[in-house]
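Trainee: Below is the structure I would like to discuss, written out as structure tokens.
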Amino acid sequence: HTTNLVPCILVDNDYPGTLTDGKLGDIAPTVLALMGLPQPADMTGVSLLQPGTTPPNA
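Have a look at this one:
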């Protein structure tokens, strides 16, 4: 991992708004959420579709 910012743009009518504090580790949980799949317990990121949530194992 680096401290370099990685832009990610997701556009969908069901998820309006802007999020500026996501991290690279949040991409996989977000993709899983979009696919309707459960997030593994050992995955530390959170879905960017649910801002303000914390991972279940935090």
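Numbered per our numbering, the sequence shown finishes at 55, counting up by one with no gaps.
Just so it is clear, CB atoms sit at the ideal spot from N, CA and C, and this is done for glycine as well.
1) Quick check on DSSP: helix, strand or coil for residue 6?
2) Just mark residue 27 as buried or exposed, buried being the case when its beta carbon has 16 or more other beta carbons within 10 Å.
3) Tell me whether residue 16 sits in a helix, a strand or coil according to DSSP, three-state version.
4) Output the distance between the C-alpha atoms of residue 42 and residue 10, rounded to the nearest integer angstrom.
5) Mapping the DSSP letters down to three states, classify residue 43 as helix, strand or coil.
Mentor: Quick look at the numbers:
1) coil
2) That one is buried.
3) If DSSP states are grouped into helix, strand and coil, residue 16 belongs with coil.
4) 23 Å
5) coil
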